[in-house]
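Number of protein chains: 2
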Amino acid sequence: MAFTIGELGKATGTKVETIRYYERIGLLAKPERTSGNYRSYGKAELGRLSFIRRARDLGFPLDQVRALLSLSDDRTRDCATVDALARDHLAEVERKIVDLTALRSELSALLDSCEGGTVGDCRIIEALAPPATSGETL
Amino acid sequence: MAFTIGELGKATGTKVETIRYYERIGLLAKPERTSGNYRSYGKAELGRLSFIRRARDLGFPLDQVRALLSLSDDRTRDCATVDALARDHLAEVERKIVDLTALRSELSALLDSCEGGTVGDCRIIEALAPPATSGETL
DNA sequence: CTTGACCCTGTAGTTCCTACAGGGTGCATA
DNA sequence: TATGCACCCTGTAGGAACTACAGGGTCAAG
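Chains A and B are the protein sequences, given in the same order.
In our numbering, each residue's number is its place in the first sequence (first place is 1) plus 374.
In our numbering, each residue's number is its place in the second sequence (first place is 1) plus 374.
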């Protein structure tokens with residue numbers, strides 16, 4: 375029931391270097407070592423790393439992951455903090471979906487109207503550029 | 375009809391340092407200078423920078439932004455090239471929409487399960503925690 | 001004519017990894 | 001037993017895309 379770093383990496387979809395990096399920055403504790411000085415991990419580390427990877431995959435930056443981890447380490451704490459983190463993140467994701475959806479229709483309109491000729495007729499930049507000729511953007 | 379770098383930054387939601395950085399790496403041309411050696415921008419730069427920021431915000435790396443821009447800079451180029459590039463970008467945009475949509479439902483499921491109280495009761499932490507007590511993840 | 005907001009160049013730091021270099025370990029196989 | 005070979009170790013450097021100074025000029029207002 376002990377993993378090498380490579381096995382842990384495979385189990386969590388993490389590169390070995392990334393695991394060592396997480397250890398270096400204190401996101402993972404220093405693990406036990408074998409007689410040959412290999413890192414040795416157990417189920418607890420597997421869980422913690424899975425958590426980290428999943429949060430990263432959802433776009434949480436490492437310091438937020440760290441906050442989340444320290445929250446879960448203290449189970450008596452108020453849930454509102456976690457909720458706020460996720461809520462902010464959801465809002466951002468939704469904004470991006472809106473933008474990308476707009477970009478998608480612009481791109482497919484561009485493709486529909488592209489029948490040969492030169493770029494001068496294609497107007498790709500105009501199609502992609504935001505409607506911000508006169509003020510603020512984003 | 376001329377902006378300082380600060381005004382351009384405000385208009386596009388870009389930090390001054392970032393604009394200078396884009397200039398340094400050749401994404402923006404070196405602008406005219408005032409008598410006092412201040413950078414002076416016009417509408418064209420505003421459009422170009424807006425485009426860059428939007429593409430960046432949607433997750434396109436600078437290399438791809440550069441490709442798109444260089445395409446539009448050479449207005450004599452064959453439209454088929456543009457078409458192919460736009461098609462690639464459309465595919466990528468669609469992939470990103472799919473990813474973000476999945477992320478959104480995960481996040482809102484997370485939020486739905488949060489009923490207040492302490493972290494011990496909060497499902498967000500658990501939802502993020504490993505679905506992998508006995509093997510591989512992700 | 002000075003104050004404060006802005007601009008200049010240049011360099012160094014940040015985040016989140018990723019990639020070596022130069023070497024040790026462990027296990028199977030000839 | 002030796003010899004591969006895959007894997008592990010430390011340490012450092014690189015890379016993408018910024019971001020933050022330091023140390024200094026410029027400019028409009030009071």
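Cβ atoms here follow ideal geometry from the backbone N, Cα and C, with glycine treated the same way.
Beta-carbon separation (whole angstroms), residue i vs residue j, contact threshold 8 angstroms
| i | j | result |
| --- | --- | --- |
| L382(A) | S482(B) | Wrong, their Cβ atoms sit about 31 angstroms apart, outside the cutoff. |
| L442(B) | A429(B) | 7 angstroms |
| L423(A) | T388(A) | 6 angstroms |
Cβ pair residue i, residue j closer than 7 angstroms
| i | j | result |
| --- | --- | --- |
| L402(B) | Y395(B) | no |
| R427(A) | T386(A) | yes |
| A458(A) | L484(B) | no |
| V472(B) | R478(A) | no |
| S409(B) | A376(B) | no |
| V390(A) | I399(A) | no |
| K470(B) | G433(B) | yes |
Neighbour list for residue i in chain B, Cβ cutoff strictly below 9 angstroms
| i | result |
| --- | --- |
| I399(A) | Under the 9 angstroms cutoff, chain B gives no residues; its nearest Cβ is about 19 angstroms from I399(A). |
Residues that residue i contacts on chain B, provided the C-beta gap is smaller than 7 angstroms
| i | result |
| --- | --- |
| I471(A) | I471, L474, T475, R478 |
Beta-carbon neighbours of residue i, restricted to chain A and to distances below 7 angstroms
| i | result |
| --- | --- |
| E468(B) | R478 |
| L464(B) | R478, L481, S482, L485 |
DSSP three-state assignment for residue i, whether helix, strand or coil
| i | result |
| --- | --- |
| Y395(B) | helix |
| F425(B) | helix |
| S444(B) | helix |
| S414(B) | strand |
| P505(A) | Caution applies to P505(A), whose pLDDT of 44 falls short of 50 and renders its modelled position unreliable; the value that the coordinates give is listed next. It is coil, neither helix nor strand. |
| E510(B) | Because E510(B) sits at a pLDDT of 34, beneath the cut-off of 50, its placement in the model cannot be relied upon, and the point is left open. |
Rounded separation between residue i and residue j - CA only
| i | j | result |
| --- | --- | --- |
| A476(A) | D431(B) | 13 angstroms |
| L474(A) | L474(B) | 10 angstroms |
| P435(B) | V456(A) | 30 angstroms |
| C453(A) | K404(A) | 29 angstroms |
| I393(B) | Q438(B) | 18 angstroms |
| G416(A) | D462(A) | 33 angstroms |
| Y412(B) | E406(B) | 8 angstroms |
| D486(B) | E480(B) | 10 angstroms |
| A418(A) | F425(A) | 11 angstroms |
Contacts that residue i makes with chain A (C-beta to C-beta distance below 9 angstroms)
| i | result |
| --- | --- |
| L432(B) | K470, D473, L474, L477 |
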